[in-house]
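When we follow the working numbering, the leftmost residue of the sequence shown carries the number 316, and every step to the right adds one.
Report on the following structure.
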Amino acid sequence: MKILVINAGSSSLKYQLVDMDGEKVLAKGLCERIGTAGNITHKISGGKVIAKEVPFPTHVEAFEELIRLLSEGEDRVINDVKEISAIGHRTVQGGEKYKSSVIITEDVLETIDEYASLAPLHNPPEATAIRACQKVFGMDVPQVAVFDTAFHQTMPDYAYMYALPYEYYTKYHIRRYGFHGTSHRYVSGRYAELVGKDLSELKVISCHLGNGASIAAIKYGKSIDTSMGFTPTDGLIMGTRCGNIDPSIVTFLQEKEGLSAKEMDEILNKRSGSLGVSGYSGDQRDLESSSAEGNQHARLALDIQKYQIKKYIGSYIAAMNGVDAIIFTGGIGENDPETRAAVCSDMDFFGINIYEELNSNVHGQEINLSARGSTVEVWVIPTNEEIMIARDTKELVLSSK
């Protein structure tokens with residue numbers, strides 16, 4: 316069974332074709348600048364890369380081009396598009412309605428549209444891509460929505476509710492939703508596999524650290540709390556997002572600076588975080604390089620990040636009454652030894668100790684960093700959201716037959 320996995324944005328379309336017999340990635344790629352000039356970068360399993368400019372007025376043309384690359388010419392990986400059994404879509408916001416992945420129907424699409432106000436940068440382009448995909452592949456090819464928010468629907472009400480008038484929850488669905496759920500689900504499950512235990516017996520803290528970052532407390536296989544909230548702006552300091560701030564800062568700045576709601580949103584999501592503090596960059600590599608050269612604002616941004624991660628870990632240990640493992644994943648979590656070392660330093664009270672020499676040489680591989688005598692395991696596990704989407708899609712399609 317071959318599954319096409321799609322992660323769409325307003326002007327981009329990331330894809331992977333996965334052969335579920337062995338879970339082998341046959342090809343993957345990225346369509347960019349949809350709506351303008353357009354270009355595609357396509358990689359096949361043998362390592363060959365095809366890059367070319369192709370006009371993409373809409374997502375439809377992007378899907379048509381990726382079909383050509385997958386099924387035509389000497390570099391094709393399938394002989395016929397009909398070999399694609401189903402399509403799985405990464406979908407950000409499923410609200411409270413979807414607690415798991417679902418086969419896409421018109422009702423599901425309408426719900427994705429309905430929740431657009433909760434994820435205005437994500438749900439609308441995802442719905443657009445799904446409809447374009449239906450047009451290109453036809454309605455007979457089953458499609459599945461895999462929601463980032465679904466994994467966190469196990470949070471208890473006292474963890475997801477905000478202390479606002481209750482009517483705003485009933486009227487506008489204002490609550491903590493959490494994101495990166497597919498990633499947190501993958502790495503916690505993979506950890507259980509690696510140690511040969513059942514996830515239902517384990518307490519895990521998953522740290523998905525990248526330009527967007529979130530931490531999840533996973534108790535016996537269920538998310539009981541997570542750092543992102545009503546939107547992905549909440550929680551940790553991120554590349555350009557502010558994370559947790561006193562909400563009165565928003566109204567204070569709007570009054571002092573004469574800012575509209577849209578302008579304030581721009582500041583919180585695109586001009587804050589590490590970029591805002593450093594005044595230099597939101598990229599971890601730039602910050603570490605600049606900090607090493609003496610840039611104190613870059614150093615401060617890094618210190619804020621590491622301190623906040625440490626605080627979340629401590630609070631989630633308390634919430635779960637202990638922890639078996641801390642997992643680092645995402646671009647920073649997988650590839651930045653300095654961040655892992657700083658977060659795990661001075662945590663011996665919790666039984667957290669890592670081999671510093673081993674940690675300094677780990678970049679993007681599955682590995683246990685725990686030092687001898689550490690009562691809490693510390694792992695690096697590269698995330699694989701695409702395979703989770705493919706697995707969910709396969710399971711739902713087969714069970715529906």
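For each residue, glycine too, the CB sits at the ideal point set by N, CA and C.
Segment limits, alpha helix (DSSP H) that includes residue i
i	result
Val396	Note, Val396: premise wrong, no alpha helix (DSSP H); not H, not E.
Phe452	438-452
Asn610	Counting along the chain, Asn610 falls outside any alpha helix (DSSP H), and DSSP gives it neither H nor E.
Tyr484	481-487
Asp707	700-715
Asn674	671-674
Asn584	576-585
Thr546	Counting along the chain, Thr546 falls outside any alpha helix (DSSP H), and DSSP gives it neither H nor E.
Val565	563-572
Glu379	374-386
Beta carbon of residue i nearer than 8 Å to that of residue j
i	j	result
Val519	Asp395	no
Ile667	Val695	no
Ser589	Leu602	yes
Tyr492	Gln611	no
Ala444	His374	yes
Gly558	Gln623	yes
Leu583	Arg556	yes
Val364	Ser416	no
Ala478	Ile539	no
Met335	Lys709	yes
Ser685	Ile702	no
Glu379	Pro370	no
Ile682	Gly403	no
Val717	Leu332	Look at the range of the chain in this structure, 316 to 716, and you will see that residue 717 is not part of it.
Pro652	Val677	yes
Ser619	Val592	Per the sequence shown, the amino acid found at residue 619 is Ile instead of Ser. Yes, they are a contact pair.
Lys621	Thr654	yes
Ile399	Lys450	no
Ala656	Glu671	yes
Nonlocal neighbours in the same chain, by C-beta distance under 7 Å from residue i, ignoring five residues either side
i	result
Tyr413	Phe462, Ala465
Tyr483	Ile489
Ser386	Ile393, Asn394, Asp395, Val396
Pro440	Ala323, Gly324, Ser325
Ser606	Ala613, Arg614, Leu617
Assumed close pair residue i, residue j - CB separation to whole angstroms, cut-off 8 Å
i	j	result
Cys448	Ile321	7 Å
Thr541	Ala528	At roughly 11 Å, the Cβ-Cβ gap does not stay under 8 Å, so Thr541 and Ala528 are not in contact.
Gly353	Glu368	7 Å
Ser498	Thr698	4 Å
Ile642	Ser503	7 Å
Gly536	Gly544	Gly536 to Gly544, Cβ: 22 Å. No contact.
Arg348	Glu700	Rounded, the Cβ-Cβ distance is 23 Å, inconsistent with contact.
Asn719	Gly597	Past the edges of the chain, shown from 316 to 716, lies residue 719, and the structure says nothing about it.
Phe664	Ile632	With a Cβ gap of about 10 Å, Phe664 and Ile632 do not count as contacting.
C-alpha gap between residue i and residue j, whole angstroms
i	j	result
Lys486	Lys585	28 Å
Leu509	Gly573	54 Å
Glu649	Asn674	10 Å
Ser360	Val340	7 Å
Thr469	Leu514	15 Å
Arg717	Val712	Lying before the first or after the last residue shown, residue 717 is absent from the chain, which here runs from 316 to 716.
Ala431	His495	17 Å
Leu424	Pro480	30 Å
Thr566	Ala474	25 Å
Phe452	Thr420	15 Å
Glu757	Lys534	Since the displayed the chain opens at 316 and closes at 716, residue 757 lies outside it and no answer follows.
Asp428	Pro562	28 Å
Ile560	Ala366	42 Å
Gly609	Tyr595	13 Å
Met662	Ser689	10 Å
His467	Arg505	18 Å
Leu319	Asp580	34 Å
Spatial neighbours of residue i in its chain, beta-carbon cut-off 8 Å, leaving aside the 5 residues before and after
i	result
Ser715	Ile418, Pro457
Leu381	Leu328, Tyr330, Gly344, Cys346, Ile355, His357
Thr426	Gly409, Gly410, Lys412, Tyr413
Residue span of the beta strand (DSSP E) that contains residue i, given as start and end
i	result
His523	518-524
Gln458	458-462
Thr420	No beta strand (DSSP E) holds Thr420; DSSP gives it neither H nor E.
Ala465	No beta strand (DSSP E) holds Ala465; DSSP gives it neither H nor E.
Ile641	640-644
Asn354	354-359
Val717	This structure leaves residue 717 out entirely; the chain is present only between 316 and 716.
Gly344	339-347
Leu328	328-334
Ser415	That residue, Ser415, is in no beta strand (DSSP E); it is neither H nor E in DSSP.
Ser529	528-534
Cutoff 6 Å; reference residue i; Cβ partners in own chain excluding five residues on either side
i	result
Thr644	Val502, His523, Ile696, Thr698
Heavy atom of the ligand GTP within 7 Å of residue i beta-carbon
i	result
Val695	This structure simply doesn't include the ligand GTP, nor any ligand for that matter.
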